[in-house]
Amino acid sequence: MLDLASIRRRLAARPPDRPEFSDDTRQAAVAVVLRAVNGTTEALFIKRAEKAGDPWSGHMAFPGGHRDPDDKDLKAAAVRETAEEIGLDISAAPVLGELPWQTPMSVRRRMLVAPFVFEIDGDPAFALNHEVAEAVWTPLEPMYHGHNAARSTPPFDNGAPSDGPDAFSGFRLAGGHFVWGMTYRMVQTFFETLDPAYQRLPE
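This note's numbering puts the first residue of the sequence shown at 9, with every later residue one more than the last.
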């Protein structure tokens, strides 16, 4: 199910799910970058740098960002942003598919985010810019099976579990990193796209 060959087949058979939007809707794109390591499929996450006034300050995310006027399309935006943020050139990497677009809940003006799934080989070196604090590879399997599902309150990187009223659901990665919010929803949407029987975890 989570090997790259199966992911390729399942995403190729799934047409893009793109909502209608108006001209004033902000558009963004992210790159869900996958690789195989000894038969285990891993996904690449970034930890955004902490910055006052940034609604995604310190969050775990996929590399990506807003579409610029010079971007040919949203896939081009994902490619450009990935190169700018972490120095990874995925312009020639196979695009396995496109996931359903997401709507962030933490911005006032409507924005749509298009996730594109890319496949790369090897262990590339990263060159992080000022927007990114860390790049992290993590296997898909524990997230798919909910083995690292957790609830936590900010600051998430302290690793302290919580089930109180202010706790958020997410995936606890190695190193204490916590995937929550829109990225958490994207990961689960990815699993639903691969497996219609996937049982979405609570938010």
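For each residue, glycine too, the CB sits at the ideal point set by N, CA and C.
Small disclaimer: the values here were computed from a predicted structure and weren't measured.
Buried/exposed call for Arg26, threshold 16 Cβ in 10 Å: Taking the sequence shown and counting its residues from 1, one reaches residue 26 at position 18. Flag for Arg26 reads exposed.
- request: Take the Cβ of Pro123 as the centre, count every other Cβ of all protein chains shown within 10 Å, and call the residue buried at 16 or more, exposed below.
  value: Walking along the sequence shown from the start, residue 123 turns up at place 115. Its Cβ being crowded by 16 or more others within 10 Å, Pro123 is buried.
message: Please classify Thr191 as buried or exposed, where buried requires at least 16 neighbouring CB atoms within 10 angstroms.
response: As a working mapping, residue 191 is identified with position 183 in the sequence shown. Thr191 is buried by the Cβ-count criterion.
task: Helix, strand or coil for Gly189, going by three-state DSSP, please let me know.
output: As a working mapping, residue 189 is identified with position 181 in the sequence shown. Gly189: helix per DSSP, three-state reduction.
query: What did DSSP end up calling Ser99 once you bin it into helix, strand or coil?
result: Along the sequence shown, read from residue 1 onward, the residue named residue 99 stands at position 91. Correct three-state label for Ser99: coil.
Touching by the beta-carbon criterion (3+ pairs, under 8 Å), the region 78-97 and the region 25-43: yes
task: Kindly indicate which residue of Arg34, Thr48, Pro77 has the alpha-carbon position closest to the one of Asp129.
output: As a position in the sequence shown, residue 129 is number 121, starting the count at 1. The shortest Cα separation from Asp129 among Arg34, Thr48, Pro77 belongs to Thr48.
task: Look at the alpha carbon of Glu89 and the alpha carbon of Ala205, and state the distance between them as a whole number of angstroms.
output: Counting from one through the sequence shown, the residue named residue 89 turns up at place 81. Counting from one through the sequence shown, the residue named residue 205 turns up at place 197. Roughly 33 Å separates the two Cα atoms.
task: Since I believe Ala44 is in contact with Leu12 (beta carbons under 8 Å), could you give me their beta-carbon distance rounded to a whole number of angstroms?
output: Along the sequence shown, read from residue 1 onward, the residue named residue 12 stands at position 4. Along the sequence shown, read from residue 1 onward, the residue named residue 44 stands at position 36. About 5 Å; that satisfies the 8 Å criterion.
message: Check for me: the alpha helix (DSSP H) holding Pro150 runs from which residue to which?
response: On the sequence shown, position 142 is the one that residue 150 refers to. Pro150 -> alpha helix (DSSP H) spans 149-152.
Stretch-stretch touch, CB-based, cutoff 8 Å, three pairs: the region 173-186 with the region 150-161: yes
message: With a threshold of 7 Å on Cβ separation, who are the neighbours of Gly105 within its own chain once the five nearest residues in sequence on each side are excluded?
response: In the sequence shown, residue 105 corresponds to position 97, counting from 1. So the list reads Leu19, Ala20, Arg22, Val125, once near-sequence residues are dropped.
message: Cutting at 6 Å between CB atoms, please list the residues of its own chain near Lys102, excluding the five before and the five after it.
response: Within the sequence shown, the letter at position 94 stands for residue 102. Residue identity differs from the one stated: residue 102 is Pro in this sequence, not Lys. So the qualifying residues of the chain are Glu127.
task: Report buried or exposed for Pro71, applying the criterion of at least 16 other Cβ atoms within 10 angstroms of its Cβ.
output: By one-based count along the sequence shown, residue 71 stands at place 63. Pro71 comes out buried.
field: Nearest to Ile15 (by Cα), restricted to the options Pro210, Leu202, Gln207, Glu211
entry: In the sequence shown, the residue the question calls residue 15 occupies position 7. Comparing Cα positions, the closest option is Leu202.
query: Taking the Cβ atom as the reference point for each residue, do Ile54 and Ile98 lie within a distance shorter than 8 Å?
result: Position 46 of the sequence shown, counted from the first residue, corresponds to residue 54. Position 90 of the sequence shown, counted from the first residue, corresponds to residue 98. No; because the gap between Cβ atoms is not below 8 Å, this pair is not in contact.
Same chain, Cβ closer than 7 Å to Ala143, five either side skipped, listed in chain order: Position 135 of the sequence shown, counting from 1, holds the residue named residue 143. Around Ala143: Leu52, Ile54, Ile94, Phe134, Leu136.
- request: For His74, I'd like the list of residues in its chain whose CB is within less than 6 Å of its CB, leaving aside the five on either flank, ordered along the chain.
  value: The residue given as residue 74 occupies position 66 in the sequence shown. Cβ within range, chain order: Ala36.
- prompt: What separation, rounded to the nearest whole angstrom, lies between the Cα atoms of Leu120 and Leu96?
  reply: Taking the sequence shown and counting its residues from 1, the one referred to as residue 120 is at position 112. Taking the sequence shown and counting its residues from 1, the one referred to as residue 96 is at position 88. Computed Cα separation, rounded: 24 Å.
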